[in-house]
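Working notes, structure below.
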């Protein structure tokens, strides 16, 4: 019997630590649970053709002339002049079917920008957790989960997603460092009730001030969509 | 009744994230459980007069001419030509009493170097956990716990110490961000048996290859020493 090659898994808790991780030989899963990657998954699941992640506001607005729907947020709030904000419910509308979106957010699209040279980049959220895990099992690449965090700082919700994915892939990947087991321990503690576990998280509090409890509850639902967004030529599409 | 001013607590999981944290108004607790800060606490508790943390090997060796005992490690191993390595048991000898030490390690002294401009810098380890907590309660400063990690990456043992300190100070400080609660959740999970919880930690495995299980067990003992090392003019002394 030939043994399969070892596939490594690691977790980067913040885009500000990405310089420590090789990405040229990896599939990178970018995660920004509240709410960028949850929106991206929702949009592609509901028939949006493609999403162009853009790091800067001006570049995003500029893509409107090119026929893009512009969407995004800064500090959790919709940007004036943009077509859509950062609530997953905005991405379920029938009229977005077949459209291209240009998307910029405080953390998620910045994180994507930092790993654009990785071997492969995909998008993770609780909404497509199982689809992502199933896809990664079929890949030969090593794996890095990149948490978008909050302006460079770690956050709880992205870490919990990383832990959930490490948990699902425990038989398929070998942890390289302490971060995967830290994330997994936290997820296993939070698992009985993710929503309660997160109630004191700083970004949940920040969003509560914006009265979007419904968004938060939705972003914590697991396996709503059997969709894996992948980055191809700088644009996210359904694989 | 006048209310006391709020004191904030935060945890920086890696020296590579220190740029995100203000330190000018803070007491920073630097922690490198395996084994730099455990050694520093042990040395001062056993009568060493002062410890000069040095980031580079050559600078450390150069201080020998000035009457310093030279000590430290790279990648967990003693440096050739140095007087002492990085086992806490080396710092208990009677002949070190009254001596000055120059100390350099892979992570711990590098972390110290990054916060030398903080309002106050102290040294934490499980060995002096309660002493550190008691001291911090008396201070008016905000608090940052800086985990030395491993070459920029997060590690489990330093995070668990941070969690233990957050746990002890829960009534005295207010968390600013998610990192303190993440560390505290992990500590509360690990608390019944720190040693078992850490057995898969990457640095524990690394050290096991060096056959220093005894060091690890000692570094996880709580409250052996009622000592708080503080940085004064670039040198660690007992306060």
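Protein chains in written order, with the working numbering: chain A, 5 to 243; chain B, 5 to 243. We treat Cβ as the ideally placed atom computed from N, Cα and C, and that holds for glycine. None of the values given here were measured: they were computed from a predicted structure.
Contact of residue 43(B) with chain A is not assigned, every C-beta pair being separated by 9 Å or more. Taking a Cβ-Cβ threshold of 7 Å, the residues of chain B close to residue 159(A) are 182, in chain order. Interface with chain B (9 Å Cβ-Cβ cutoff): residue 17(A) is included. With respect to residue 131(B), residue 64(B) sits apart: the two C-beta atoms are not nearer than 9 Å. Residue 125(B) is bridged by DSSP to 32(B). Leaving aside the five residues that flank residue 161(A) on each side, the residues in its chain whose CB is nearer than 7 Å to its CB run, in chain order, 37, 38, 202, 205, 207. Nearest neighbour of residue 92(B) by Cα position, chosen from 240(B), 153(B), 221(B), 23(B), turns out to be 221(B). Counting only residues of its own chain and dropping the five nearest sequence neighbours on each side, residue 10(B) has a CB closer than 8 Å to the CB of 178. If you look at residue 199(A), you'll find it in the alpha helix (DSSP H) that goes 198-201. Annotation: residue 65(A) is outside any beta strand (DSSP E); the continuous alpha helix (DSSP H) that includes it extends over 61-66. Close CB contacts of residue 194(B) within its chain, under the 7 Å cut and outside five residues either way in sequence, are with 164, 201 (chain order).
Burial state of residue 196(A) is exposed, judged by a 10 Å Cβ sphere holding fewer than 16 other Cβ atoms. Short of 6 Å from the beta carbon of residue 239(B), and not among the five residues preceding or following it, lie these beta carbons of its own chain, in chain order: 54, 56. The residue from 231(B), 156(B), 71(B) with its alpha-carbon nearest to that of residue 126(B) is 231(B). In the three-state reduction of the DSSP assignment, residue 112(B) falls in the helix class. Under the three-state reduction of DSSP output, residue 191(A) falls in the helix class.
Rounded to the nearest whole angstrom, the CA to CA distance from residue 136(A) to residue 128(A) is 7 Å. For residue 119(A), there is no enclosing beta strand (DSSP E), since its DSSP letter is neither H nor E.
Contact between residue 86(A) and residue 102(A) does not hold, since their C-beta atoms are separated by about 20 Å, which reaches or exceeds 8 Å. Classified as buried, residue 223(B) has 16 or more neighbouring CB atoms from the shown chains inside 10 Å of its CB. Only residues of its own chain outside the window of five on either side were considered, and among them 125 have a CB closer than 6 Å to the CB of residue 235(A), listed in chain order.
Assignment of residue 234(B) by DSSP, reduced to helix, strand and coil, places it in the strand class. Within the same chain, 164, 224 come within 7 Å of residue 198(B) by CB-CB distance, once the 5 residues on both sides are set aside. Apart from the 5 residues on each side of it in sequence, residue 30(B) sits with its Cβ closer than 7 Å to the Cβ of 122, 123, 145, 146, 147, 148 in its chain, given in chain order.
Beta-bridge annotation (DSSP): residue 76(B) is paired with 108(B). Cβ atoms of residue 117(A) and residue 59(A) come within 8 Å of each other, at about 4 Å.
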